[in-house]
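With the sequence shown counted from 1, adding 1 to any position gets you our numbering. All C-beta atoms in this analysis are idealised placements derived from N, C-alpha and C, irrespective of residue type, glycine included. Here's the structure, in structure tokens; my notes come after.
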Amino acid sequence: MAAATHDIDPDGDIILKLTDANAPFAVWPEKDATDADGKEHETFTDNLDGIDANSEAGEDPEQQGDATKPSTNSVSSSADENVNTPERPVVPAPEVHLRLSSKHLTLVSPYFKSMLCGPWKEGDRSGTQTRVLTAESWDQDALLTVMCIIHGRNKKVPREVDIEMMAKIAVIVDYYQCHEALEVFSDIWLKELKRTVLLPEAYNRDAVLWLHIANVFSDDLTVRSMTRIMQRDLTEPLSTLGLPIPASVVGI
Numbered sequence: 002m003a004a005a006t007h008d009i010d011p012d013g014d015i016i017l018k019l020t021d022a023n024a025p026f027a028v029w030p031e032k033d034a035t036d037a038d039g040k041e042h043e044t045f046t047d048n049l050d051g052i053d054a055n056s057e058a059g060e061d062p063e064q065q066g067d068a069t070k071p072s073t074n075s076v077s078s079s080a081d082e083n084v085n086t087p088e089r090p091v092v093p094a095p096e097v098h099l100r101l102s103s104k105h106l107t108l109v110s111p112y113f114k115s116m117l118c119g120p121w122k123e124g125d126r127s128g129t130q131t132r133v134l135t136a137e138s139w140d141q142d143a144l145l146t147v148m149c150i151i152h153g154r155n156k157k158v159p160r161e162v163d164i165e166m167m168a169k170i171a172v173i174v175d176y177y178q179c180h181e182a183l184e185v186f187s188d189i190w191l192k193e194l195k196r197t198v199l200l201p202e203a204y205n206r207d208a209v210l211w212l213h214i215a216n217v218f219s220d221d222l223t224v225r226s227m228t229r230i231m232q233r234d235l236t237e238p239l240s241t242l243g244l245p246i247p248a249s250v251v252g253i
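Structure below.
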């Protein structure tokens, strides 16, 4: 499948190749997929299990005549099924290519500045002008949002995001160290989120996402609020869910 290409800067000299786009994000441990009254929540794996549920439905009517007689047909059918059923191939997500400007990137991001201008330059040339860089596992929409802001493409930037997208954007901002470039929009998003969504009052996945978001975007009040909740509720070390939460906070 051909890569999707987004010309954030049509004259840009950088191609950023995103592989494994939209990888699973901040996965909450399955053992915690119950609420306070013991009810189990439906999980993604529950839905997958249901796909194969019909493979064992019902028996052949011809096999129901003699209950004491072992069914060799059933055994052989089951064995054939195990041998002949091929595994579904894992189809990799298509690459996403972003055409970007090195001037914009190096201006706002120490990460890109050291990569493109320092003695340890990264990337390879595909032609005389364009340099190719790679990234992996980012959420495609989150990466596009960050790069549109960096390149001044403000009409393409959403004025509202949900907590999930905010957390995905925060991971990218933290990694590329472009906090200042996102400051205006992150303030708008945080203000709107707090207006429309109640902050968690107990330790759960949203509390971890909020702690991560607040830490990246310097919302000290929310950091303190989430930290107090975790100090009260946690009986074991904090699970960061793979998010870049500092060791000083993880040690709660």
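According to the DSSP secondary-structure assignment, Ile15 is paired through a beta bridge with Leu101, Arg132.
Distance from the CA of Gln130 to the CA of Lys104, rounded to the nearest whole angstrom, comes to 13 Å. Each of Ile164, Val209, Leu117 was checked against the Cα of Ser187, and the nearest Cα belongs to Ile164.
Less than 7 Å divides the Cβ of Val174 from the Cβ of Val217. Taking a C-beta distance under 7 Å as the contact criterion, Ile214 and Val133 do not qualify as a contact pair. In this structure, Leu242 is the residue among Leu242, Glu193, Leu210 with its C-alpha nearest to the C-alpha of Trp29. Looking at the DSSP output, His7 sits in a beta bridge with Leu99.
Here Thr135 is near Lys18, since their CB atoms are less than 7 Å apart. No Cβ-Cβ contact shorter than 7 Å links Leu99 with Thr107. Secondary structure at Glu165: helix, using DSSP grouped into helix, strand and coil.
At a Cβ-Cβ threshold of 7 Å, Ile9 and His152 count as neighbours.
The Cβ neighbour count for Val251, taken over all protein chains shown within 10 Å, is under 16; the residue is labelled exposed. For a cut-off of 8 Å, the C-beta gap from Trp190 to Val162 is around 5 Å, short enough to register as a contact. In the three-state scheme derived from DSSP, where H, G and I count as helix and E and B as strand, Thr236 is classed as coil.
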